[in-house]
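Residues 1 to 659 in UniProt numbering are what the sequence shown lists, from first letter to last.
Here a beta-carbon is modelled for each residue, glycine too, at the ideal position from N, C-alpha and C.
Data first, discussion second: the structure below is written as structure tokens.
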Amino acid sequence: MKPVLTGRTPQDRDRVLVPGGGTYHAVLEAESPNPGVSIAEISTVSPLGMIKSALTTDPDNPRRANVNITWTPQETQIGQHVFCFLAQDTNRINSDQRCITLVYDGKPDVDECLVNNGGCSHDCVNTDGSYHCVCPAGRLLNPLDNKQCDDVDECTLGPDLCHGNATCINTPGSYICQCNQGYAGNGTVCMNIDECAAGTHGCHANAHCVDLPGSHDCICELGYVGNGRLCTDINECAEDKGDMCSTNATCVNTPGSYRCECNHGYKGDGIMCTDVDECATDNGMCEDVCINTAGSYTCACSNGLLVLAEDGRGCTFVGASTTCTNEYMELALPADKLAIVNTSNLHWDPDATCMALFNGTHHLLRTGLYECGTKVTFDPKYVIFSNLVSLYNIHKATGVISRDDDIIMHSNCKYERDQDVTARFMPIPGGLEFHEVGFGKLSIHLDIFHTRNYLQSYTRSEYPIHKRLHDMVFLQLQVQGHDQLLSVLGLNCKATMSPDKNDSLNYPLLQDGCGADSTLQMFGSSQADVERFGFEAFRFIRELKTVYIHCEVEVCEAADTGSRCAQGCGGARRRREVSDMTGLHSIYQGPIVLQDTTYKENHVETFGGSTLPLVLITTSAVAVVVLAAVFVVVKVRRSRHNLPGYSYSYKRLSDMYGD
């Protein structure tokens, strides 16, 4: 195929006027349509004085090339001149030839646009020997004068200029496409706006938004009524009068719905409710007879000697009463109500040696709070001591059989507890054993040892223990758990001159697990359930008084690395809630007296009624006593995953001072 003249190359038979003093410029371009073939030459037949530049190949297309033409005619060249040209490729094939006419009249060009803009309303364009008016986009030249530009209403001429969901707005010389409400875009392209997704819907919180083309709708959800912009809850219980629920249920209106709840004493889904037989579970917590009723139940007593107690569950003996003190509890049974009962062997059930006494009108059963098998229970608010008495062989029946029921009477003393709840109660000498839910059987020991090697503790026969001033007193706290490994920590210990731990005269030994006395030393142990410490013997600078050492001890699970016991001295401080501990329990040890050249023995009566020897020192100076007895206050602490309730059974340890 032959080369082709392209681009800005003048068209065949063009006629161009060159004014006087003017210059003609042109660009001749050619391209070979054949791959691998380029333009070799652009040949011209031109007027005298025409200048042709060297052939330039397009760097982006080797098959394309061009030359620049420049001609400035002389005054002697007035008239018409023919200018012809063609292109030839490297295969020596020629393109079609083109010829144009160049007219030179020798007259200089007049720029008509310089005078009143050539009469054009907008743009005037001067040309060689003439001029013409040009209108901007959006306007057309008036065909009557070819000078004025009239606005074109594109919206009328082209109804499809804008998107189907847009409006065409005509403007001077142009137009605007504007998306309709509910759509977004440039007018040429308009997309639906999802007001529901964008959160611009304005629907009520209890309404559902539904997107529509160019719009949306708000519909109140089930259980609400309104226009979608405002939705009000429907009270189904009021409208239907609760008829959708069982007659033994209550209709409860809820936001957008309702629910049926079976009344107390009934169970079910609220649509169907059946009576709960409270008596089927733990006898309804009744002590004797449980009577189920519709939606409830009542407790009753089967024996004529008993009446329902104040709590409505237990049965109490007619006329029976319990007296509670900080030292004992006493059950009084009127003798006239026991006329038909065999009272010859009346005693507390757990201990047959704890017999009743008769004062002429009543049979009295008295026990210390930790004696005669009395049980103690701790809950978050109260500490409760309880024991029981059984009345056997009513009517003093004889023979082989009887059809009379035995009567079991429970006697309880209930005290409000605080962190020192049991400090008010009689201390337990020697040692303490008890049971706790979650820990099992526990025992707490406080022993005094001969040396810091802690190989041999003092036996009971070695009391009172004699010490001199500055002699070391070696103490050991130990907790033993039969079901799991435990750890122990002495929190606070102080010396006082009376059993009252709140005595105004006191001296601290341990505070928050740290030594408060300058001579106090902690002696390590490889056993987590043992803590050892000692201090130098000292004296109170006052007249002779009995001295007690009160220690607050914490018991923890040995595996709990975050426990207070594991933290030791100065561990994390926090407010201790009553529910964190089981109560405080007291045991004591001693006496220890200051060694002197002369002394005499006396006896001090214990709170429990037993006696222990106490040595008094007689000198002309101030009387001195060192550690006459040792009090230990124990609190047992549960891990947080255990249950909050605690129950204990206590007994004295007959001898905790083996070699």
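Per DSSP, residue i forms a beta bridge with which residues?
i: Val225; result: Thr232
i: Ala249; result: Cys262
i: Val189; result: Answer is none; Val189 lacks a bridge partner.
i: Ile384; result: Thr377 and Lys414
i: Ala300; result: Val289
i: Arg139; result: Asp151
i: Asp217; result: Val210
i: Gln178; result: Thr167
i: Lys467; result: Leu594
i: Phe358; result: His363
i: Leu86; result: Ser43
Please classify residue i as buried or exposed, where buried requires at least 16 other C-beta atoms within 10 Å of its C-beta.
i: His25; result: exposed
i: Ser215; result: exposed
i: Asn359; result: exposed
i: Pro255; result: exposed
i: Arg229; result: exposed
i: Gly202; result: exposed
i: Arg63; result: buried
i: Met1; result: exposed
i: Ser38; result: buried
i: Met656; result: Bear in mind that a pLDDT of 36 at Met656, under 50, signals an unreliable position, so the model cannot answer this.
i: Asn66; result: buried
i: Ala423; result: Residue placement at Ala423 cannot be trusted, given a pLDDT of 38 that sits under 50; what the coordinates show is reported in the next sentence. By the neighbour-count rule (16 or more Cβ atoms within 10 Å), Ala423 is buried.
Check residue i in the structure and name its three-state DSSP category.
i: Gly490; result: strand
i: Met409; result: strand
i: Thr156; result: helix
i: Leu28; result: strand
i: Arg64; result: strand
i: Arg92; result: coil
i: Ala397; result: Reliability of the predicted coordinates at Ala397 is poor, the pLDDT of 47 falling under 50, and the value obtained from them is presented with this limitation in mind. DSSP places Ala397 in coil when its eight states are reduced to three.
i: Met285; result: helix
i: Gly79; result: strand
i: Glu112; result: helix
i: Asn117; result: helix
i: Leu485; result: coil
i: Glu241; result: Looking at the sequence itself, residue 241 is Lys, so the reference to Glu does not match. Coil, per DSSP.
i: Cys162; result: coil
i: Glu278; result: helix
i: Lys52; result: strand
i: Lys267; result: strand
i: Asp503; result: coil
i: Ala309; result: coil
i: Leu455; result: coil
i: Met656; result: With a pLDDT of 36 at Met656, under the threshold of 50, the predicted position of this residue should be treated as unreliable, though the coordinate-derived value follows. Here Met656 sits in coil by DSSP.
i: Leu442; result: strand
In terms of residues, what are the limits of the beta strand (DSSP E) holding residue i?
i: Thr101; result: Arg98 to Tyr104
i: Cys315; result: Cys315 to Phe317
i: Arg8; result: Segment: none, Arg8 is in no beta strand (DSSP E) and carries neither H nor E.
i: Cys124; result: Asp123 to Thr127
i: Gln480; result: Met472 to Gly481
i: Asn506; result: Asn506 to Gln511
i: Arg532; result: Val530 to Glu536
i: Glu552; result: Tyr548 to Glu557
i: Met522; result: Gln521 to Phe523
i: Thr322; result: Ser321 to Cys324
i: Glu41; result: Ile39 to Val45
i: Arg15; result: Arg15 to Val18
i: Thr132; result: Note that residue 132 is His in the sequence shown, not Thr. Start and end: Ser130 to Val134.
i: Tyr370; result: Tyr370 -> no beta strand (DSSP E), and no H or E assigned at all.
i: Met329; result: Tyr328 to Pro334
Would you mind reading off the limits of the alpha helix (DSSP H) that contains residue i?
i: Leu460; result: The residue you asked about is not Leu; residue 460 is Arg in the sequence shown. Element bounds for Arg460: n/a, residue is neither H nor E.
i: Arg564; result: Arg564 to Gln567
i: Ala198; result: Glu195 to Ala198
Of the residues the options, which one's Cα is nearest the Cα of residue i?
i: Thr281; options: Gly270, Gly265, Thr188 and Cys273; result: Gly265
i: Asp349; options: Arg139, Cys179 and His410; result: His410
i: Cys569; options: Asp336, Phe533 and Tyr382; result: Phe533
i: Gly182; options: Ile39, Val252, Pro172 and Pro213; result: Pro213
i: Asn146; options: Cys120, Thr323, Asp471 and Cys260; result: Cys120
i: Gly314; options: Val16, Gln178 and Asn303; result: Asn303
i: Thr9; options: Ile69, Glu41 and Pro62; result: Ile69
i: Leu510; options: Ser518, Cys493 and Ser526; result: Cys493
i: Pro508; options: Leu333, Cys135, Asp123 and Phe538; result: Phe538
i: Val18; options: His122, Thr101 and Ala40; result: Thr101
i: Leu5; options: Asp111, Asp128 and Gln97; result: Gln97
i: Gly185; options: Asn165, Glu195, Gly199 and Ile51; result: Asn165
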